Amino acid sequence: MSFDEKYTWGFGLIAVAGYGVYLALLLGQVDAAPLTEAAYVPLMLWTIGGAIAAGMLLTILVSMAAPAEANKRDQRDRDINRFGEYVGQSFVVIGGVAALLMAMAEWDHFWIANVIYLCFVLSAVLSSAAKIVAYRFGFHPW
Amino acid sequence: MVKSTRITNAIRALRFARGEMTQAELAERTGVTRQTIIAIEQGRYSPTLEMAFRIARVFGVPLENVFQYPKNEGDGP
C-alpha cells in the first residue's frame, strides 16, 4: 500500500469519526434545549480543529511506519488524487448552493452551518472512497 | 475513469527473462513506486505514455513488446 493510499484510508476514517463525535456531542444536548439552541459553534470548531490535528498526526505516524516511502508519490498517485478530489467536489458545490438558498430563505444559522459542515464531510468521505476504489480496483486515465 | 482496460502487458515475462528482476528494482529504475508497478502488471492502472516508454527502455525493447492492444473490438484483453 503506497503512502498516499494509507493516508487516504486514514483521512476518510478521520472525517467519519470527527463528524460522529460532533453529532454524538450535539445530540447529547438535545434533552436540555431545542436542537437549534444547542451550543454547536464550539463543538463544530473543536471537531474541525481536532480532525485537522488528527490529519497531521496521521501523516507523521504513516511516515514513521515506513520512512522510505514517506511523501513518495508518482504519476498514479497524482492521477488518483486528482480524480478523487474531482468526485468529492460535487458535495462542496451542493453544500454551497444549499447554504445560499437557506440563507435567502432566512433559515436559522444552526441549519446553514450544519449543512455546510455535513457537505464538507460527505465531500471528504466520497473523495476518499473514490480514491480507495481507484487504488484497489483499478484506474485507467486513458 | 474506473473501468477495465483492453491493454495487456508482458512485464511479468520480461522481468522473468531479465533474471527475475524484482518489482522494486523496476520501480526504482522507472522512477515510480513499487505499488504502481504492481498495479500496471496486474492491469489495474494504465500508465502514461511517458511512463510506458520508461518501462520499455528499462527492458531495452520496443513499446509494443511491453504493452499490447487487441486489433479487433471483439478481442478480449
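From first to last, the protein sequence lines stand for chains F and Z.
Note that the numbering used here has the first sequence beginning at 583, numbered continuously upward.
Note that the numbering used here has the second sequence beginning at 97, numbered continuously upward.
The beta-carbon is built from N, C-alpha and C at its ideal position, and this holds for glycine as well.
Remember, it's a predicted structure, so these values are computed and weren't measured experimentally.
Subject >> Cβ-based burial, residue 143 of chain Z [other Cβ within 10 Å; buried from 16] >> reply: buried
**OP:** Could you list which residues in chain C have their beta carbon closer than 9 Å to that of residue 153 of chain Z, in chain order?
**Re:** In the displayed structure, chain C is absent; the protein chains listed are F and Z.
Subject >> Under 8 Å between C-beta atoms of residue 626 of chain F and residue 131 of chain Z >> reply: no
Original post:
Within the chosen definition, does the stretch 675-694 of chain F reach the stretch 641-659 of chain F through at least 3 CB pairs nearer than 8 Å?
Top reply: no
Original post:
What residues of chain F sit near residue 162 of chain Z, judged by a beta carbon separation below 9 Å?
Top reply: Neighbours of residue 162 of chain Z on chain F: none; closest Cβ ~15 Å, over 9 Å.
Original post:
Looking only at its own chain, which residues have a Cβ that is under 8 Å from the Cβ of residue 684 of chain F, when we skip the five neighbours before and after it?
Top reply: 693, 694 and 697
Original post:
For the stretch 132-142 of chain Z against the stretch 104-123 of chain Z, are there 3 or more C-beta pairs whose distance is under 8 Å?
Top reply: yes
Original post:
Could you give the distance in angstroms between the alpha-carbon of residue 598 of chain F and the alpha-carbon of residue 605 of chain F?
Top reply: 11 Å
Subject >> C-beta neighbour in chain F for residue 141 of chain Z, strict 8 Å >> reply: yes
**OP:** Under the assumption that residue 713 of chain F contacts residue 663 of chain F (Cβ atoms under 8 Å), give the Cβ distance between them as a whole number of angstroms.
**Re:** 7 Å
Original post:
residue 105 of chain Z bridges to which residues according to DSSP?
Top reply: Z:163
**OP:** Return yes when the Cβ of residue 154 of chain Z is within less than 8 Å of the Cβ of residue 126 of chain Z, no when it is not.
**Re:** yes
Original post:
Are the stretch 631-645 of chain F and the stretch 587-597 of chain F touching, with three or more C-beta to C-beta distances below 8 Å?
Top reply: yes
**OP:** Give the straight-line distance between the Cα atoms of residue 97 of chain Z and residue 623 of chain F, rounded to the nearest whole angstrom.
**Re:** Note on residue 97 of chain Z: pLDDT 49, under 50, position unreliable in the model; the coordinate value appears next. In a straight line, the C-alpha of residue 97 of chain Z is about 39 Å away from that of residue 623 of chain F.
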